[in-house]
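>
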Amino acid sequence: MIRPIRLLGDPILRRSTDPVERFDEDLASFLDDLVDTMYHAEGVGLAAPQVGDSRRATVIDVSEERDGSLVLELVNPRILRSEGTIPSEEGCLSIPGLTETIERAAEVEVEYQDRHGERNVVAGTELLSRALQHEIDHLNGILFIDYLGPLKRRLVVREWRRSMAEQGIQVAD
Ligand code: CO
49 MIRPIRLLGD PILRRSTDPV ERFDEDLASF LDDLVDTMYH AEGVGLAAPQ VGDSRRATVI
109 DVSEERDGSL VLELVNPRIL RSEGTIPSEE GCLSIPGLTE TIERAAEVEV EYQDRHGERN
169 VVAGTELLSR ALQHEIDHLN GILFIDYLGP LKRRLVVREW RRSMAEQGIQ VAD
């Protein structure tokens, strides 16, 4: 089921999420919804708060296929190790139309649980590294614009709100 995506200004995007303890049918169907919504929105990642849910879960797909065969479902993810820094352009489905260049670690290693509770580790560089860091940030109430300087951030957010208003999309302050 495709769920509506929450936009910047929605307080749930700023809340930290709760660790998942039950790996049941409800979690499985929630992860299915996250994946469906991510593909529908043509994003490379989507985190639970972006669909109004406070579970510590996110999905990522940086593959060409985008058919569910290579999707990563990360429950209770945690960065074990990060290395280097690299600037790159980034965007977010919760701030559609806005892209800015920010610095992130070049490589990360992340521990997580799958939908059955099995522990796994994934290591990422390039787009996967960036997506892992971006989505784990969402689970801590952090958005990519938080890495901009305060003046720059205020400016781009004001412009974004104006462009949303022009498209008739209401966003909260
Ligand atoms: Co995002």
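In our numbering, the protein residues as written are 49 to 221.
Each residue gets a CB set at the ideal place from its N, CA and C atoms; glycine is no exception.
These figures come from a predicted structure and were not determined experimentally.
1) Decide if L180 is buried, meaning its Cβ has at least 16 other Cβ atoms within 10 Å, or exposed.
2) Specify the secondary structure class of S136 as computed by DSSP and reduced to three states.
3) Less than 6 angstroms between C-beta atoms, sequence neighbours within five positions excluded: which residues of the same chain meet that for E159?
4) Would you mind reading off the limits of the beta strand (DSSP E) that contains P125?
5) I think A95 touches E157, with their Cβ atoms under 8 angstroms apart; what is that distance to the nearest whole Å?
6) Once the 5 residues before and after R201 are set aside, which same chain residues still bring their CB inside 8 angstroms of it?
7) Within 10 angstroms of the Cβ of G91, are there 16 or more other Cβ atoms? Answer buried if so, exposed if not.
8) Out of D115, N124 and R54, point me to the one whose CA is closest to G100's CA.
9) Cα separation between V12 and L146?
10) Out of D72, V107 and E73, which has the shortest C-alpha to C-alpha gap to M86?
11) Which residues share a DSSP beta bridge with A95?
Working from what's here:
1) For the purposes of this step, residue 180 is taken as the residue at position 132 of the sequence shown. L180 comes out buried.
2) For the purposes of this step, residue 136 is taken as the residue at position 88 of the sequence shown. Per DSSP, reduced to three states, the secondary structure at S136 is strand.
3) Numbered from 1 along the sequence shown, position 111 holds the residue referred to as residue 159. By the criterion of a C-beta distance shorter than 6 angstroms, E159 is surrounded in its chain by R126, L128 and V169, once the five residues flanking it on both sides are discounted.
4) Here residue 125 is taken as the residue at index 77 of the sequence shown, counted from 1. In this chain, the beta strand (DSSP E) harbouring P125 covers L120 to E131.
5) One-based indexing of the sequence shown puts residue 95 at position 47. One-based indexing of the sequence shown puts residue 157 at position 109. Rounded, the Cβ-Cβ distance is 19 angstroms, inconsistent with contact.
6) Residue mapping note: residue 201 aligns to position 153 of the sequence shown, counting from 1. Result list for R201: I193 and D194, in chain order.
7) Counting from one through the sequence shown, the residue named residue 91 turns up at place 43. G91 comes out buried.
8) Taking the first residue of the sequence shown as position 1, residue 100 is located at position 52. Nearest C-alpha to G100: R54.
9) An answer regarding residue 12 cannot be provided, because it is not within the stretch 49 to 221 covered by the chain.
10) Counting from 1 along the sequence shown, the entry for residue 86 is found at position 38. For M86, the nearest C-alpha among the options comes from V107.
11) For this step, residue 95 is matched to residue 47 along the sequence shown. According to DSSP, which records beta bridges pairwise, A95 is partnered with T106.
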